[in-house]
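Notes follow the structure.
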Amino acid sequence: MQVTSDFQGRCREALNDPQIRRNFRFAMDGLMSKRRASLGDEDEREGLRARCAAIRANALARLPDLLEQLERNCTENGIRVHWAETVQEANRIVLDIVRGHHARRLIKGKSMVSEEMGLNHFLEGQGIECLESDLGEYIVQLAGETPSHIIAPAIHKNRQEVAELFRRKFPDIPFQEDPEALARSARRILREKFEQAEIGLSGVNFAVAETGTLCLVENEGNGRMCTTVPPVHIAVTGIEKVVERLGDIPPLLDLLVRSATGQHISTYFNMISSPRREGERDGPREVHLLLLDNGRSRIHRDAQLIDTLRCIRCGACMNHCPVYGRIGGHAYGSTIPGPIGSVVEPQKEGLARFGELPTASTLCGACAEVCPVRIPR
171 MQVTSDFQGR CREALNDPQI RRNFRFAMDG LMSKRRASLG DEDEREGLRA RCAAIRANAL
231 ARLPDLLEQL ERNCTENGIR VHWAETVQEA NRIVLDIVRG HHARRLIKGK SMVSEEMGLN
291 HFLEGQGIEC LESDLGEYIV QLAGETPSHI IAPAIHKNRQ EVAELFRRKF PDIPFQEDPE
351 ALARSARRIL REKFEQAEIG LSGVNFAVAE TGTLCLVENE GNGRMCTTVP PVHIAVTGIE
411 KVVERLGDIP PLLDLLVRSA TGQHISTYFN MISSPRREGE RDGPREVHLL LLDNGRSRIH
471 RDAQLIDTLR CIRCGACMNH CPVYGRIGGH AYGSTIPGPI GSVVEPQKEG LARFGELPTA
531 STLCGACAEV CPVRIPR
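If you want this note's numbering, it's the position in the sequence shown, counting the first as 1, plus 170.
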């Protein structure tokens, strides 16, 4: 099969950009050192990794049954469940919900599945305003780019570049390079949008089959605003994100945030089990869960690939990959870059498009050494 991507050309472009390389080196060094500091106890670390790998392996072994249980319990809780085999079908489902409420504005929390769907571009083509509220996602949206990292979407930009972007887009705001001041400016702009949006959309970190609970991990509070302020909340996720029991969540959360950012706990952890109930003062009046396949069931049937579905999207493999650290996420040209993306994206999107990505490897095994759920290299 002929490979048609321009992966090598994008790699050369990234390697010839000294600013990109400096930005990534600075960011990767910081993330690696924070993870090391938070997971310094080897016995604790390896015990957690073994436990989390077993939790995810169990969920994948029982995936069809757990998905049915999740749908049943979500439905009993008042959450409306939708199934999509393809991204085109998923986009149509979202559009139908938006149009069903005569909505013109949608505000989003960070969601890699929505990136996979190309949801922003699709909705904007239908005349729907679609605004990112995560600061990193907001920055790349302003720049007309895609995320370059699954945890830190704008990790490829330094503060001077962000300040210049804000100067061009918002000339009435005084020019400043202080990160806290830039964040305050973004919050002021976004706060009005939270109040105006008729629909809020988020991703899902874990979906608990036992209780029909959607778990969302974040640090900025924007995700919570997207799920509670608008009258309708749509959660989109891949079918592999289900876990069996609520008791599976604490070890997964513990290892996710320490592997991703070196924190011992995330700033916000949201558990959504229903829309607003009688007598409650806030929360959405409707909650929709969209479960996307898009090749995942095919990967699930492959004995050599099924372990890749364990991924909890922490980004640790990217942070430690010598290839990713030099070329950055945009060089891959895929929704999920880095080591995990190099394996998953060709399976979902086809070898003709991403067949070169598996060559982005030094065979050093760093990705497997740091993976919190022990996905083999």
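Glycine included, every Cβ here is placed at the ideal spot set by N, Cα and C.
Please read these numbers as outputs of a predicted model, since none were measured by experiment.
With DSSP as the reference, label K204 as helix, strand or coil.
helix
Closer than 7 Å by C-beta to S436: which residues in its own chain qualify, once you throw out the five before and the five after it? Chain order, please.
V387, E388, N389, V427
Does DSSP put G408 in a helix, in a strand, or in coil?
strand
How big is the Cα-Cα spacing for G200 and G210?
15 Å
CB V406 to CB R480, shorter than 7 Å?
no
Can you check which of these residues, A536, V283, R329, is closest to A351 by C-alpha distance?
R329
Tell me whether V427 sits in a helix, a strand or coil according to DSSP, three-state version.
helix
Starting from the N-terminal side, write out each stretch of the alpha helix (DSSP H) that is 4 residues or longer and does not extend beyond the region 190 to 258.
212 to 231, 233 to 247
In whole angstroms, what separates the C-alpha of H271 from that of G314?
28 Å
For V374, which of helix, strand or coil comes out of DSSP?
coil
Tell me whether E302 is buried or exposed, calling it buried when 16 or more other Cβ atoms sit within 10 Å of its Cβ.
buried
Please go through the region 417 to 489 and give each complete beta strand (DSSP E) segment of 3 or more residues, from N-terminal end onward.
438 to 442, 456 to 462
Go through its chain and collect everything with a Cβ distance to V173's Cβ below 6 Å, but skip five positions before and after it.
With a pLDDT of 39 at V173, under the threshold of 50, the modelled position of that residue is not reliable, and the figure given next carries that caveat. For V173, where only same-chain residues beyond five positions count, the Cβ hits under 6 Å are G525, E526.
Give me whichever residues DSSP pairs with R275 in a beta bridge.
E299
Quick one: grab the DSSP three-state call for T529.
helix
Through-space distance from Q366 to P445, alpha-carbon basis
19 Å
Cβ-Cβ distance between A536 and V493 below 7 Å
no
Could you give the DSSP three-state label for C534: helix, strand or coil?
coil
Is the beta carbon of H252 closer than 7 Å to that of L416?
no
Going by CA-CA distance only, name the one from S208, A231, G217 that's closest to D472.
A231
For E347, which residues of its own chain have a beta-carbon under 7 Å away from its beta-carbon, when the five flanking residues on both sides are left out?
R329, Q330, A333
Environment of A377 [buried if 16+ CB atoms lie within 10 Å]:
buried
Within 8 Å, do at least three Cβ pairs link the region 437 to 456 to the region 464 to 471?
no
What does the alpha-carbon distance come out to for the pair R508 and Q178?
For clarity, residue 508 is Gly in the given sequence; the question names Arg instead. C-alpha separation (whole angstroms): 15 Å.
Over what stretch of residues does the alpha helix (DSSP H) that includes T383 continue unbroken?
Element bounds for T383: not the alpha helix (DSSP H) but the beta strand (DSSP E), 383 to 388.
Buried or exposed, going by whether 16 or more other CB atoms sit within 10 Å of the CB of Q474?
exposed
Closest by CA to T256, which one among S284, D235, K280?
S284
H403 by DSSP, collapsed to three states: which one?
strand
Using three-state DSSP, classify I343 as helix, strand or coil.
coil
Of all the options A538, K518, I545, I409, which has the alpha carbon lying nearest to the alpha carbon of Q239?
I409
Quick one: is E286 buried, meaning 16 or more other Cβ sit within 10 Å of its Cβ, or exposed?
buried
For L305, which option in P546, V413, F336, F196 has the closest C-alpha, if you only look at C-alpha atoms?
F336
State buried or exposed for D176, treating a residue as buried only when at least 16 other CB atoms are found within 10 Å of its CB.
exposed
Suppose contacts are defined by Cβ-Cβ distances below 7 Å. Is G449 in contact with H403 by that definition?
no
If we count the other Cβ atoms within 10 Å of its Cβ and call it buried at 16 or more, is E246 buried or exposed?
exposed
For A220 and I510, what's the separation of their Cα atoms in angstroms?
19 Å
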